[in-house]
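Visitor: Protein sequences, first through last, are from chains A and B.
First residue of the first sequence? That's 1 in our numbering, and the numbers climb one at a time after it.
First residue of the second sequence? That's 1001 in our numbering, and the numbers climb one at a time after it.
Protein chains: 2
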Amino acid sequence: VACLEHVTKVYSTGSVAVTALEDVSVEIRAGEFIAITGPSGSGKSTMMHILGCLDRATSGRVILEGRDISEVTANERARIRNARVGFVFQAFNLLSRFTVQQNVELPLMYAGVGRRERWERARRMIEVVGLGDRADHLPQQLSGGQRQRAAIARALVNDPALIFADEPTGNLDTKTGGQILDLFSELHKQGRTIVIVTHDAEVAARATRRIALRDGRIIRDSGW
Amino acid sequence: VACLEHVTKVYSTGSVAVTALEDVSVEIRAGEFIAITGPSGSGKSTMMHILGCLDRATSGRVILEGRDISEVTANERARIRNARVGFVFQAFNLLSRFTVQQNVELPLMYAGVGRRERWERARRMIEVVGLGDRADHLPQQLSGGQRQRAAIARALVNDPALIFADEPTGNLDTKTGGQILDLFSELHKQGRTIVIVTHDAEVAARATRRIALRDGRIIRDSGW
Ligand SMILES: Nc1ncnc2c1ncn2[C@@H]1O[C@H](COP(=O)(O)OP(=O)(O)OP(=O)(O)O)[C@@H](O)[C@H]1O
Ligand SMILES: Nc1ncnc2c1ncn2[C@@H]1O[C@H](COP(=O)(O)OP(=O)(O)OP(=O)(O)O)[C@@H](O)[C@H]1O
Ligand SMILES: [Mg+2]
Ligand SMILES: [Mg+2]
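Here's what the structure looks like:
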């Protein structure tokens, strides 16, 4: 369902080039629950962004839902992403001038869902993550963990088949984090593919497969 | 060294008022290592901001270094903060147009430290948190955990007596997070006062005192 073949990613920062990923090959099959671990700076977010079609590899092939996405137009890439992929960003990436309700409705808007249905589906997701009484707040009127949950709600509202979550419990207490994990486990039981970057052993424990990164390379992959 | 007396904090969001803190009283003594825990949204960041002079209480008294800070001019508040307090923000708050080196030098600049000494002290702190090879990167050219460490370096560079850290290991793997904790423990051994908001049991375990919040109130305080 998502695949990297000999992917390398190099950032050029002024005079120095940073190799964030080096010759990474990985195949993600439908229905897996994968935990990606590794030290800070080892390339986890970079790998997730390329898998989720949000960033381009410097070299190598990227396959998403059977299509080589370098051979697909930018519009088609965006369409595939919006219909099939949910992405929870490490820095949340909420729009600061929009309320939680408006932020969570955004993917439904892109998918052409009508106003009434959009409102209801977004509101339901907002309640599922425990933000029912914060739906009309702006991001700066939320706590850190509330922003994280708003980002999670937005990623899941369009019921994507493939979910990428970059450290989704980093700002949550154990109880709230556990509830979010239960949510991911439930979605996995229903057949969705889940890929989570995490430092949390509890999260990694729930995964069916673990991939470890170091210095831009995969150093361990437990496979099925 | 820092004290809240019957502090209440109410935010008014349009039509609805949110009581983030309700009648909170706490005394922080010099040399303590305090862990503040509690569910997402319970008021931890709000309490830290008011203790660290970054936000005002709606009612109640706030004492920092023996001075009632509501009776002090805004300039004097800023001066006390810059000289005596280091604050690691939950959202990092790095300046996006400045490099890591420039961001970390900022508190030294405000303290009137000369250019050469500023550069050296900032660079040393940057190396202590493991960012020596990222000093000339901009925040968007860093991983999440690298941004967190840049925020930590900036908070500590002016050698403050009172350190507030809002979930400083949330984006760090266990090993890197452990190194940061060792740093805080070392600073504590040297006599500094440390207040950390955390969801991490490992962090809480190193504290000499634990304060638990729920719904804007202190529900438990282990004291000395
Ligand atoms: N500007 C604001 N306007 C309205 N409500 C706010 C504002 N800032 C914070 N709040 C609310 O105040 C409450 C406490 O927020 P705070 O950031 O202190 O929580 P926290 O304990 O740090 O949570 P977390 O663990 O998620 O970071 C939250 O319920 C939040 O929604
Ligand atoms: N735009 C950029 N320009 C230069 N280097 C970058 C850029 N973005 C990321 N990097 C570097 O690429 C490396 C990998 O970054 P990445 O964000 O994938 O790490 P990570 O494993 O997610 O780390 P963390 O656990 O801290 O979030 C880091 O060393 C980082 O400094
Ligand atoms: Mg990352
Ligand atoms: Mg907080």
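Glycine included, every Cβ here is placed at the ideal spot set by N, Cα and C.
(1) List the endpoints of the continuous alpha helix (DSSP H) containing B/L1187.
(2) Within 8 Å (strictly less), CB to CB, does B/G1216 reach chain A?
(3) Measure the C-alpha to C-alpha separation of B/L1162 and A/M48 and round it to an integer number of angstroms.
(4) Quick test of the definition: if touching needs 3 or more C-beta pairs under 8 Å, does the stretch 1004-1011 of chain B touch the stretch 52-70 of chain A?
(5) Can you determine whether any heavy atom of ligand 3 sits closer than 7 Å to the C-beta of B/S1015, and answer yes or no?
(6) What are the boundary residues of the beta strand (DSSP E) that includes B/L1004?
(7) To the nearest whole angstrom, what separates the beta carbons of B/S1143 and A/G41, a pair I think is in contact under 8 Å?
(8) Ligand 2 and A/T208: does the residue's C-beta get closer than 7 Å to at least one heavy atom of that ligand?
(9) Secondary structure at A/V195, three-state DSSP: helix, strand or coil?
(10) What residue does the beta strand (DSSP E) around B/S1025 start on, and which one ends it?
(11) Please list, in chain order, the chain B residues whose beta carbon lies closer than 7 Å to that of A/H137.
(12) CB-CB under 7 Å to A/G104, same chain, minus the five flanking residues each way: which ones, in chain order?
(13) Under 8 Å: do the stretch 185-201 of chain A and the stretch 1013-1030 of chain B share three or more Cβ pairs, one atom per stretch?
(14) In the structure shown, what three-state DSSP assignment does B/D1133 receive?
(15) Is the stretch 1076-1086 of chain B in contact with the stretch 173-186 of chain A, if contact means three or more CB pairs nearer than 8 Å?
(16) How should A/Q140 be labelled, buried or exposed, when 16 other C-beta atoms within 10 angstroms of its C-beta is the threshold for buried?
(17) Looking at the secondary structure, which residues open and close the alpha helix (DSSP H) in which A/T73 lies?
(18) Which residues bound the beta strand (DSSP E) around B/G1086?
(19) Exposed or buried, which one is A/L95 when buried takes at least 16 other CB atoms within 10 Å?
(20) Is the closest heavy atom of ligand 4 to the C-beta of B/V1197 under 7 Å?
(21) Compare the Cα-Cα distances from A/F92 to each of B/T1176, B/I1036, B/A1207 and B/N1171 and report the closest residue.
(22) State the start and end residues of the unbroken alpha helix (DSSP H) segment that holds A/V100.
(23) Please determine whether the Cβ atom of A/N171 lies at a distance below 7 Å from any heavy atom of ligand 1.
(24) Starting from B/V1203, trace the alpha helix (DSSP H) in both directions and tell me its first and last residue.
(25) What are the residues of the stretch 1167-1194 of chain B that lie near chain A, defined by any Cβ-Cβ distance shorter than 9 Å?
(26) Name the residues in the stretch 1086-1101 of chain B whose C-beta lies less than 7 Å from a C-beta of chain A; which are they?
(27) Quick check: the Cα distance between B/A1201 and B/I1036, rounded to an integer number of angstroms?
(28) Need the endpoints of the beta strand (DSSP E) that A/G60 sits in, please.
(29) Check the DSSP bridge columns for B/F1033 and list the partner residues they point to.
(30) Between A/R209, A/R214 and A/L213, which has its C-alpha nearest A/G223's C-alpha?
(31) Buried or exposed for A/D133, please, with buried defined as at least 16 other CB atoms from any protein chain shown within 10 angstroms of its CB.
(32) Are the beta-carbon atoms of B/I1050 and B/I1211 separated by less than 8 Å?
Guide: So, from the listed chains and residues:
(1) T1174 to K1189
(2) no
(3) 38 Å
(4) no
(5) no
(6) A1002 to T1013
(7) 5 Å
(8) no
(9) strand
(10) V1016 to I1028
(11) T1013
(12) Reading the sequence as shown, one finds Val at residue 104 of chain A and not Gly. Around A/V104: A122, M125, I126, A150, A153, R154 and V157.
(13) no
(14) helix
(15) no
(16) exposed
(17) Counting along the chain, A/T73 falls outside any alpha helix (DSSP H), and DSSP gives it neither H nor E.
(18) V1085 to V1088
(19) exposed
(20) yes
(21) B/N1171
(22) V100 to Y110
(23) yes
(24) A1201 to R1206
(25) E1167, T1169, G1170, N1171, L1172, D1173, T1174, K1175, T1176 and G1177
(26) Q1090 and A1091
(27) 11 Å
(28) S59 to L64
(29) B/I1194
(30) A/R209
(31) exposed
(32) no
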